[in-house]
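Quick notes on the structure that follows.
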Amino acid sequence: MLDPKLIERATAWTSNDCDEESRNAGLALIQAGDAKQMAEHFGESLRFGTAGLRALVGPGPSRMNRAVVRRTTQALAIYLKRQPGNQGLPVVVAYDGRLTSRCFAEETVGVLVANGIAVRYFDEPTATPIAAYALRRYSAVAAVVVTASHNPADYNGYKLYAPNGAQIVSPTDEIIADLIETLPPAKDIRSVAGAMSGAPDAMGRRLAEPVGEEVVEAYFRDIDAVRPRHGACRDLKIVYTAMHGVGYKPVKRALLTAGFTHLIPVEEQVEPDGHFPTAPFPNPEEPGALDLALATAARNDADLILANDPDADRLAACVRQEANPHGDGVLYKPLTGNQIGLVLADYLLEKYKGAERAMVVESIVSSPMLRAVAAKYGAHCEQTLTGFKWLWNAALDLKEARGLRYVFGFEEALGYSAGDIVRDKDGVSAALLFAELAAEEKAKGSSILQRLARMYREHGLWVSYQHSVTKAGADGIAQIGDAIERIAAAPPKELSNIPVTAVRDFRSGQESRPRWLENSPLLEFDLGEHGRVLARPSGTEPKLKIYVDLRSEVSESANVWQSEQEALVKARELALAMVALTGLS
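Number 832 marks the last residue of the sequence shown (our numbering); no jumps.
Here's what the structure looks like:
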């Protein structure tokens, strides 16, 4: 039976929707009378999570649509106008290549202009890191990027950046979310139609202007300045895929500037296409997502494969194996986000001058091996909650409090940031740095795999394994929450015959931790010298995520990659043991 309050909420929202197509879709849902669908669309309002707002596109406050964008932007405008010193400073607005992204960006600009706020907008689909860079270049008070990153075609999102260049954190997100609840319906909020085409506000002011080319030029100049110079081996054959996103033009420009002229695009995926015809789930981590890139690399005898997600803020890489044991063509080994992050951290710290003040930062679900890498160079290593908003806020706080200088940060989900250029993950600059590292290793008669093997022999072989349990819908999110409660209330004494030496419950105890480790539904099970297991709900999807980081020694004579496979089998056993404890399947 339908909840009368839900019907009332759905009817009120739909009748006041500012978009005819969305309004008609909402009316159809109400008329169909499907209680589950009604709750999915008209239940809880979207709130800022790990990466801003993100949801399926559709009618209702629980979905991404023009009405949600309009009300969110109005709340942002109210918040910005209440902050001292913001008068006259702009907001940067950008969008990716998704089907609704341009429309949502136009809505965002229209509402800001209606509130008398200046806007600098990108007039074509743009890589998210370039937008984050533009914020600081303009001394802007905020930036909005309309993107759903690597989610499927029917999703979209709204990333919001603070004046410091990082994504917003609490309490800003909570203040804006609370302001949204005080607003009138979307149709009663003014938005200047055509603001991105020069339409003026009520006072005749044309407050919206496109981002200047000089800002984009400065971005490429600055990321090129970060790469270590060795000048050797520009002949790498690099296969690249944009996953139907916006990455090809900026990555091509960055690599050509550095002298890498042998760039081979995956033609089927090179142009932005919000339908994602060859990659229904355009996440480079998904099985099969890189099949076209692998085939292109094999045909061209390539040295390296680089892949961005659709908004080009993440990077995946596959490296050529030294030998193919089957003798049937070239094989490529996909590297994990941890492996890419670790070799880049090692590379940049090795080149960095003044290591005693150097700092590397990683999310808490990323490989603990980074601590050993940092210690080798005398650098500080900090861990934060997931999300680059926390990585960068930690870096800025530690710079101010202790004079530490940020060198590199990463999270295992293919996100990396080098130097104080973009205060978010940047798949474009990461692609450039990874190509530079591969070129330098090749010039020395080595490879990235050989470098990684040397690191494992020095610091111990760390493998990381992740297992997710998806429970769709509001009921699924509740089940995941209940699972966290159960294992926190009765933590295991051992997992797959490895003793649990300590349990950390991040849901409480915030007063004894820095702000980048605030209370969060995260549980850590310490396995002593063997590693650890983590359990947390996803911040962007209805999933329970289990992370296993397992350490073992590897001798000089051992085959590192065979040892890696054996360790991954054990890591999987640990992950499944944790899943069994949750009661989810």
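We put the beta carbon where it would ideally sit given N, CA and C, even for glycine.
From a predicted model like this one, the values you see are computed outputs, not experimental measurements.
Quiz item: Assuming L382 and G412 make a contact with CB atoms under 8 Å, what is their CB distance in whole Å?
Solution: 6 Å
Quiz item: Which same chain residues, not among the five before or five after V669, have their C-beta less than 6 Å away from its C-beta?
Solution: The beta carbon of V669 sits closer than 6 Å to the beta carbons of P376, A379, Y380 from its chain, once the five residues preceding and following it are set aside; these are given in chain order.
Quiz item: Can the beta-carbon of T488 be found less than 7 Å from the beta-carbon of Q516?
Solution: yes
Quiz item: How big is the Cα-Cα spacing for I436 and V358?
Solution: 8 Å
Self-check item: Beta-carbon separation (whole angstroms), A592 vs F657, contact threshold 8 Å
Solution: The Cβ separation is near 7 Å, so the contact holds.
Exercise. Report, in whole angstroms, the separation of the C-beta atoms of P337 and V366, which I expect to be a contact under 8 Å.
Key: 6 Å
Exercise. Whole angstroms is fine: what's the gap from A275's alpha carbon to P399's?
Key: 24 Å
Practice problem: Scan the region 581 to 642 and note each continuous alpha helix (DSSP H) run of 4 residues or more that stays entirely inside, going in chain order. | Solution: 584 to 598, 616 to 623
Quiz prompt | alpha helix (DSSP H) segment containing G332, residue limits | solution = Where G332 is concerned, there is no enclosing alpha helix (DSSP H), because DSSP gives it neither an H nor an E.
Quiz prompt | Y703, DSSP secondary structure in three states | solution = Shown here, Y703 sits in a helix according to DSSP, grouped into three states.
Quiz prompt | CA nearest to the CA of A677, picked from D729, L651, P475 | solution = Between A677 and the set D729, L651, P475, the nearest pair of CA atoms involves P475.
Quiz prompt | The alpha helix (DSSP H) enclosing S799, as first and last residue numbers | solution = Here S799 belongs to no alpha helix (DSSP H); instead the beta strand (DSSP E) covers 790 to 799.
Exercise. Throw me the rounded Cβ distance for the R561 and K672 pair, which I believe falls under 8 Å.
Key: 6 Å
Exercise. Taking 8 Å as the threshold, find out whether the region 276 to 285 comes into contact with the region 437 to 452 through three or more Cβ pairs.
Key: Contact between the region 276 to 285 and the region 437 to 452 is absent, because fewer than three Cβ pairs lie under 8 Å.
Self-check item: Beta bridge counterpart(s) of V439 as assigned by DSSP
Solution: The partner list for V439 (beta bridge, DSSP) is empty, contrary to what the question assumes.
Self-check item: Straight-line gap, P331 to N640 (C-alpha atoms, nearest Å)
Solution: 21 Å
Quiz item: Under three-state DSSP, which class holds F467?
Solution: helix
Quiz prompt | N-terminal and C-terminal residue of the beta strand (DSSP E) that Y380 is part of | solution = Segment 375 to 384 is the alpha helix (DSSP H) holding Y380; no beta strand (DSSP E) there.
Quiz item: CB-CB under 6 Å to R270, same chain, minus the five flanking residues each way: which ones, in chain order?
Solution: T261, D264
Quiz item: Residues bridged to I695 by DSSP?
Solution: None; I695 has no bridge partner.
Quiz item: In whole angstroms, what separates the C-alpha of Y653 from that of Q414?
Solution: 17 Å
Quiz item: Which same chain residues, not among the five before or five after F369, have their C-beta less than 6 Å away from its C-beta?
Solution: A341, V458
Quiz item: When the Cα atoms are used, what is the spatial distance from W763 to E609?
Solution: Roughly 11 Å separates the two Cα atoms.
Quiz item: Going by DSSP, what residues sit across from F351 in a beta bridge?
Solution: Partner(s): none; F351 has no beta bridge.
Practice problem: Leaving aside the five residues before and after D471 along the sequence, list all residues of the same chain whose C-beta is less than 6 Å from its C-beta, in chain order. | Solution: T504
Exercise. Taking only the alpha-carbon atoms, compute the straight-line gap between E354 and I364 and give it to the nearest angstrom.
Key: 14 Å
Quiz prompt | Between the CA atoms of I552 and L502 - distance to the nearest angstrom | solution = 13 Å
Quiz item: So the alpha helix (DSSP H) W808 belongs to, where does it begin and stop?
Solution: Start and end: 807 to 829.
Exercise. Pick out whichever of P432, I254, R704, R546 has its Cα sitting closest to the Cα of M285.
Key: The shortest C-alpha separation from M285 is found at I254.
Self-check item: Contact the region 799 to 806 vs the region 818 to 826: 3+ CB pairs below 8 Å
Solution: no
Quiz item: Which ranges would you report for the alpha helix (DSSP H) in the region 465 to 518 if only whole runs of at least 4 residues count?
Solution: 495 to 504
Quiz item: In or out: K328 buried (at least 16 other Cβ within 10 Å) or exposed?
Solution: exposed
Exercise. May I have the straight-line CA-CA distance separating L537 from V513, to the nearest angstrom?
Key: 10 Å
Exercise. Report all residues from its chain with a CB closer than 6 Å to the CB of A621; omit the five preceding and five following residues, and keep chain order.
Key: V607, C628
Quiz prompt | Which of helix, strand or coil DSSP assigns to H522 | solution = coil
Quiz item: To which residues of the same chain is V675 closer than 8 Å at the C-beta, ignoring the five residues directly before and after it?
Solution: Closer than 8 Å at Cβ, skipping near neighbours: A374, P376, I377, I470, G494, P497, V498, A501, N555, A559.
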